[in-house]
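Here's the structure we're looking at; comments come further down.
Number of protein chains: 4
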Amino acid sequence: HDPLTIGSSEFHSRLLLGTGKYGNLSQMQRAIELSGTEMVTMALRRIESHESQDGQNQQEQLLDFIPRSKQLENAACRPVHFMPNTSGARNAKEAILAAELARELLSTNFIKLEIHPDPWHLMPDPVETFHAAEKLVQKGFQVLPYIHADPVLGKRLEDVGVAALMPLGAPIGSNLGLRSRDFLEIIIQGTKLPVIVDAGIGSPSDAALAMELGADGVLISTAIATSADPVKMAVAFKKAVEAGRMAFLAGLGLKGQIGEGSSPLTDFLG
Amino acid sequence: HDPLTIGSSEFHSRLLLGTGKYGNLSQMQRAIELSGTEMVTMALRRIESHESQDGQNQQEQLLDFIPRSKQLENAACRPVHFMPNTSGARNAKEAILAAELARELLSTNFIKLEIHPDPWHLMPDPVETFHAAEKLVQKGFQVLPYIHADPVLGKRLEDVGVAALMPLGAPIGSNLGLRSRDFLEIIIQGTKLPVIVDAGIGSPSDAALAMELGADGVLISTAIATSADPVKMAVAFKKAVEAGRMAFLAGLGLKGQIGEGSSPLTDFLG
Amino acid sequence: HDPLTIGSSEFHSRLLLGTGKYGNLSQMQRAIELSGTEMVTMALRRIESHESQDGQNQQEQLLDFIPRSKQLENAACRPVHFMPNTSGARNAKEAILAAELARELLSTNFIKLEIHPDPWHLMPDPVETFHAAEKLVQKGFQVLPYIHADPVLGKRLEDVGVAALMPLGAPIGSNLGLRSRDFLEIIIQGTKLPVIVDAGIGSPSDAALAMELGADGVLISTAIATSADPVKMAVAFKKAVEAGRMAFLAGLGLKGQIGEGSSPLTDFLG
Amino acid sequence: HDPLTIGSSEFHSRLLLGTGKYGNLSQMQRAIELSGTEMVTMALRRIESHESQDGQNQQEQLLDFIPRSKQLENAACRPVHFMPNTSGARNAKEAILAAELARELLSTNFIKLEIHPDPWHLMPDPVETFHAAEKLVQKGFQVLPYIHADPVLGKRLEDVGVAALMPLGAPIGSNLGLRSRDFLEIIIQGTKLPVIVDAGIGSPSDAALAMELGADGVLISTAIATSADPVKMAVAFKKAVEAGRMAFLAGLGLKGQIGEGSSPLTDFLG
C-alpha cells in the first residue's frame, strides 16, 4: 500500500495521462483503461470550444468522453478523476477564468495551472503562474501548477498552498526526457509537496528514472498518444512507473566509478 | 508472444540474473522466482571451489542452490536455465578449461565467456575473448561472450558463430548505466545476433532504456543483489524490462528540440 | 573585431570574473589581470560591510582592491569595470536598496541583480527578480539579472528592459557545468539580449561549450578562485572562451550518428 | 615547459591534425600553420595512389604538400612531423604492408595504425590491430594504434610496446564528442603511455574536455576541415587544447551537488 496523496485525495496509480493528440477517442479510452491511471487532464479550452460549437457534426465528441468514462470506470473498477488544465492561457487572468469555468463544468476543485505566453515551446510563465496560483488557492482550488524546474519558484508555490508541483523535464511534446534532471532532484529534496514531472518525458525509461529520483508521479501525453501503438505504450508506461517507484522504495545502490565485480576475485582454478 | 531465441532455446523472460553478492541464498531464490527470469548465471569458479572444498561446513551451499532450483522451477511453473560463466579467467586457456568443466558439471552447452585479466575494472580482453570464442564454438558450445561495447569485435564474433553478444554498459558493479550507449546502438543495428547488455546497469530505468534501444535482454547482478530489498528490486527490474520491450515494439516517438504542445494552439477563450 | 555590447558599453573580453573565495587579493588581482577580463563583479554586501567596520585591522582590504585596480588597469592597458551584485538579497526590496548603495559607492549604473532567498543552493527567485528588475530599470540602472535558465522569464525581463540575461548553468559553486543546457539554448535562440552564463561552470570546456552554443559571455568565480593555481586557471578560461567564441563564429559542423571517415574510402592498395 | 613525448620525440603542441576533407590545400596549409600543430597524419593510401597516377593533371598535388611543408616549417619556425596512417586497411596484413611503404616514402618510423574492416562507421578491429601492432613494433616502428576506448586492449598494446594509444571518442567524422568518456578516463588512469583522443571530437569544448580528463593530446580532422572557416576553427582548437591542458595542470575543482555560493552568506545589510 503506497498511495499518492494530492490535497485530500488518494490515488493508487502514479501515472497521469493527457488527452490530446490521440488518433481517436476509443484509442484514448483504451489507453486510459489499460494504463491504470486515475487522473487524466484535459484542456478546458477544448472542452469549452466543443460546447460552444455544440459539436453535433463530429462523430466522436470530446465531451462524450466524460460520460463514457463512467463506463470506463465501471469496467476498470476504479474512478478516473478529470483534472482540467488551463492550457492556452497567456496570463493569470485568462487562467483564473478558465479554472472557474472548469470547476463549474466538471465539478472538481483540481486545476492544473498552465500559463504559457510563448506559443513556441509552451514553457510556463513563472510570474503569472505564481500570481494565478495565489488567487486560485484563495478561491478554494487544489492547484497543480506546471512550472519550469525552478526550485525557488516551487518553494514559493508551496508557501502559497498549492497541492502539488508539476515541473517540466523538457519542452512539451519534445520527448527529450529529463533535461532538467539536476533541478528536479533539488525540487524533490526541498519540498514536502508531491512532485509530478509533467513535460518532455518521451519513453518509459524516462518515466522510471523520474520515479527513481523520488518524483511522486509523472504525466504522460505526447509519448503515448503519438505512438504507433498507444495502448501498448500506455501499458509500457504503467509498468515503468511501477518499476521506478519500487526501485525508489527498495533503495538504489550507489554509483561507483570503479567496478568491484559481482563475484569474489580470488584466484581462478586454484 | 515475443520470445527471445538464443541458439536453439527460447525464453519468455528477457531478464537474466547473476548469483553473486546476495546476502543469503533464500533471498537470491526469492529474487530469481519473482523476477520471472529463465536464465541465471554463476561463476564456474564458485561452483568448482565449493566442490573441491566439499563445502560441508557451510550452512548454505551454493551447489544446493542447483537441486533446490528444481523446487523453484516447480513453484514458478517454468524452467530456469543455469548458464555458467568463466568469470575469473585471465586468458583463453583458462576460460576454455572452465567452460569444459562447467559443461560436465551442469550438463549445459551454454557458456557465458568472461575473460578479464584486469582485476580492477573487470573489463573483458578482446583478443583472448575472440580466440576463446573461436575454439569454444568449434567444441560445440553456445557461446555468449562478455565484451566491451565494440561493434567490430561484435561483428567478428558473429562471424565466428557465437550465440549472442553481451556488451557492457559500464564497468561491472558500478551501477553507472549505459555509458557506452552510442556504441550499444551501433552494435544492435549491425548484428543479427541477440544482444544482451551485461554490466553496469544500476537501475530499472537503465534496463528499460537498453530495451528501448533494441537490446534483446539485460543481465542484472549487483543492482539487485546489493539493494536493501533485493526481492522488490527484482520485481522492479522485471517490470522495467517488460516496459522497455513493449515500448520498443510499440515504437517510440521522435525526439524534437522544439515543443509542439499536446493540444491545438488556436486562440484561447476567444 | 567582435565586441560584446551590454547597454551602452563595449567590451573586448567575454569572460567576466567574480571576486569571492580567492586565497588572497594579490592572487585575485593577478588572475584578473591575466584573464583579460574587463568586468568583475563584487557583492555590495562585502564592500559595504568592510566600510562599516572601517576595516583597519585587516591587512588586505577588499576596498583597496578598487583603487589598486587603477594600477591594474594601467598595467593591463585596459579598463576593468566593476559590476556590483546584490548577492545576499532575499527579496526585491533588499536588492533595490543594495543596488542604490552600489551606484553611490562605485559610480556605476550596472547592477548584477541576484535575489536568492534560498540559503542552500543560492538559486534565484523569479518573482522577486522580475519585480526588482522592473523597478531598477525605471530607476535608470543597467540591470543584469541572475536567473534560472527559464526562457519565459528571460523573455519577460527583455520586455522590461534589462541589459543582459545571466542564466545559470548549475547551482553556484557546484562546478557541475551546463546542466541547464537545453534551456540555455532556447534562451539564446529566443532573445536579442546578450546572454551571459552565470553559475555552475566548472572547467574551461564548460565555458567553451557555452560560447559554442552562442552565449555572449560567461561569468566564472568558484572554478578559478578555488583552483590550486587560480592564475593559470584564469588563463585557461581566457583561452577557452576565445576558443568557443571563434568556433561559434566559424560555424560548427553537424553532429551525425554515422561516421563517414575523414578519407575517401575507395579500395585500398588496389 | 610541458612537452609531449611520444617514443623518442618531443612535441610542444598537443594538437594533431588530419589532412582529409579540406576544400583545398592552401586552406589546409594555413590551418596547419595557425593551429600550431607539429604532427599531421595522412592516409598512405592517398599518398600512394597519387604517386601511381603520376598526378600530373591535378593542379594541387597532395604530395606537393610534403615539399611545400618545408616552406611551412620555415614560416612557422618549427618542424611539422608527417605521421602516415594505414586508413583503409582491412586487416593486419594490409596495414603492415601500408606501414612499410609509408616508412620508405616518408622516412619516418611513426605509423598511425588504423584497421577498420567496417566501411560504415570506420571503427577499428581490436584483434587485427593487436596482431599488427605486435609485428610493427618488432619491425622497429613507433606505433600509434587507433582503438576503441577499450582499457584492456590499451593495456595489452602497452605491454607489446606501442608508442601511444589513440582511443576514439565517437565514430570518425561524427562530431559527437566524447561518447566514450568513462572508458577514456579508465584508459588514462591505467596507462603510462601518452593517450591521444582520436575520433569524434566535434568542437573545441570537446577537445578541452579531453585534455581536462588528462589526455595527452587530441587529433582533429573533420571538425576543422569541414568547418565553414577551417583556419579560424584551427585556431579555436589550438586555444581549446591549451586551455584544457592548463586546467588539467592547474587542477580542476571538485564537482558538488549542492552550491555553496561564491560569497560568504552572513546576513545581508544587517
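Protein chains in written order, with our numbering: chain A, 1 to 270; chain B, 271 to 540; chain C, 541 to 810; chain D, 811 to 1080. Even glycine gets a Cβ: it sits at the ideal position worked out from N, Cα and C. The structure presented is a predicted model; accordingly, all values stated were derived computationally and were not measured.
Whose CA, out of the options, lies closest to the CA of residue i?
| i | options | result |
| --- | --- | --- |
| E38(A) | K112(A), A31(A), P230(A), L15(A) | L15(A) |
| P1014(D) | K1002(D), L1029(D), F940(D), K831(D) | L1029(D) |
| L510(C) | M582(C), T545(C), S548(C), N564(C) | Nothing in the structure corresponds to residue 510(C), since chain C is present only between 541 and 810. |
| E843(D) | S823(D), D812(D), W930(D) | S823(D) |
| I712(C) | V737(C), R696(C), F723(C), G694(C) | V737(C) |
| F551(C) | F681(C), L718(C), P619(C), L697(C) | P619(C) |
| L986(D) | S566(C), P543(C), G793(C) | G793(C) |
| G680(C) | I687(C), L584(C), D746(C), G547(C) | G547(C) |
| D963(D) | A520(B), L392(B), K425(B) | The question names Asp, yet the displayed sequence has Leu at residue 963(D). The residue with the shortest Cα to Cα distance from L963(D) is L392(B). |
| V413(B) | A365(B), E482(B), T492(B) | A365(B) |
| L718(C) | A642(C), A748(C), A704(C) | A748(C) |
Tell me whether residue i sits in a helix, a strand or coil according to DSSP, three-state version.
| i | result |
| --- | --- |
| A777(D) | Because chain D is modelled from 811 through 1080, residue 777(D) falls outside the range shown and cannot be assessed. |
| V580(C) | strand |
| V467(B) | strand |
| T731(C) | coil |
| P894(D) | strand |
| S377(B) | coil |
| S497(B) | coil |
| K778(C) | helix |
| L1064(D) | coil |
| K21(A) | coil |
| P204(A) | helix |
| L1023(D) | coil |
Output yes if chain B places a C-beta closer than 8 Å to the C-beta of residue i; else output no.
| i | result |
| --- | --- |
| M787(D) | No answer is possible for residue 787(D): the residues shown for chain D start at 811 and end at 1080. |
| A980(D) | yes |
| G23(A) | no |
| T829(D) | no |
| F940(D) | yes |
| R900(D) | no |
So, is the C-beta of residue i closer than 8 Å to a C-beta in chain C?
| i | result |
| --- | --- |
| S1015(D) | yes |
| D1039(D) | yes |
| V1028(D) | no |
| V1005(D) | no |
| M1043(D) | yes |
| G964(D) | no |
| E944(D) | no |
| P151(A) | yes |
| G1066(D) | yes |
| A1033(D) | yes |
Consider the Cβ of residue i: report whether some Cβ of chain A lies at a distance smaller than 8 Å.
| i | result |
| --- | --- |
| D324(B) | Its pLDDT being 47, under 50, D324(B) is placed unreliably in this model, and the coordinates cannot settle the point. |
| I726(C) | yes |
| D738(C) | no |
| D658(C) | yes |
| H688(C) | yes |
| L792(C) | no |
| L716(C) | yes |
Could you name the residues that DSSP lists as bridge partners for residue i?
| i | result |
| --- | --- |
| L16(A) | M39(A), L219(A) |
| L789(C) | Bridge partners of L789(C): none, in fact. |
| I6(A) | S9(A) |
For residue i and chain G, any beta-carbon pair shorter than 8 Å?
| i | result |
| --- | --- |
| N649(C) | The chain labelled as chain G is not found among the protein chains of the depicted structure, namely A, B, C and D. |
Are the C-beta atoms of residue i and some chain D residue less than 8 Å apart?
| i | result |
| --- | --- |
| M568(C) | no |
| F808(C) | With a pLDDT of only 34 at F808(C), under 50, the local geometry of the prediction cannot be trusted, and no value is derived from it. |
| V407(B) | no |
#### Entry: alpha helix (DSSP H) runs contained entirely in the segment 379 to 452 of chain B, provided each spans 4 or more residues
For the alpha helix (DSSP H) assignment, the uninterrupted runs of no fewer than 4 residues enclosed by the segment 379 to 452 of chain B are, from N- to C-terminal side, 396 to 408, 421 to 430.
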